[in-house]
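Okay, so here's the structure we're looking at.
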Amino acid sequence: MYEFKDTYKTNVDFVDKEHRRLFEIAEEAYQLQQNEFIPDKYDHIVTILEELRAYTKTHFAHEEAYMKKIGYKGMFTQKVQHDAFIQKLDGIDLGALDENSDEAISDILKFLTDWLVDHILNVDKLLPAEEG
Ligand SMILES: [Fe+2]
Ligand SMILES: [Fe+2]
């Protein structure tokens, strides 16, 4: 359902690796949600969604450190988008998800991956490669 595609590739290797990982975590949550034979899977899904939220923040911090290091002019646009998205992510109450929350879980995964794809294609792809 969720996977990193070649069209998402940027000019920066570590950025691609981290994006790939984000899609992997999303897919992990999705697969678990689809599996009907795992007892108490909702606790596990919430844990994965928490990991996804945390790793998204880590990834933004890495990207911003990179932009700072290379003196990237587009950093402000990036930071505004990252910060706005973090605010939205933090507004999601993962603790409220339970066995009745299938639709909410699907919505969270879709919201997150849609945002990522859009941001990667329109903003992260503009990042220049590191020189040297
Ligand atoms: Fe990114
Ligand atoms: Fe970004």
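Number 111 in this note's numbering belongs to position 110 of the sequence shown; there are no gaps in the numbering.
By construction, the Cβ of each residue, glycine as well, lies at the ideal position given by its N, Cα and C atoms.
Note that the structure is a prediction, hence the values are computed from the model and not measured.
Could you check which residue in Val47, Ile71, Pro129 and Val124 has the C-alpha nearest to that of Leu95?
Val47
What would DSSP say about Glu4, mapped onto helix, strand or coil?
coil
Might you give, ordered along the chain, the residues of its own chain that have their beta carbon closer than 7 Å to the beta carbon of Ile93, omitting 5 neighbours on each side?
Ile109
Three or more C-beta pairs under 8 Å: does that hold for the segment 81 to 89 against the segment 51 to 68?
yes
Lys74, DSSP secondary structure in three states
coil
For the alpha helix (DSSP H) that contains Leu135, what are its first and last residues?
Only positions 2 to 133 of the chain appear in the structure, and residue 135 is not among them; the question remains open.
Per DSSP, what kind of secondary structure is Ala55 in: helix, strand or coil?
helix
Do the segment 9 to 28 and the segment 38 to 46 touch if we need at least three Cβ pairs shorter than 8 Å?
no
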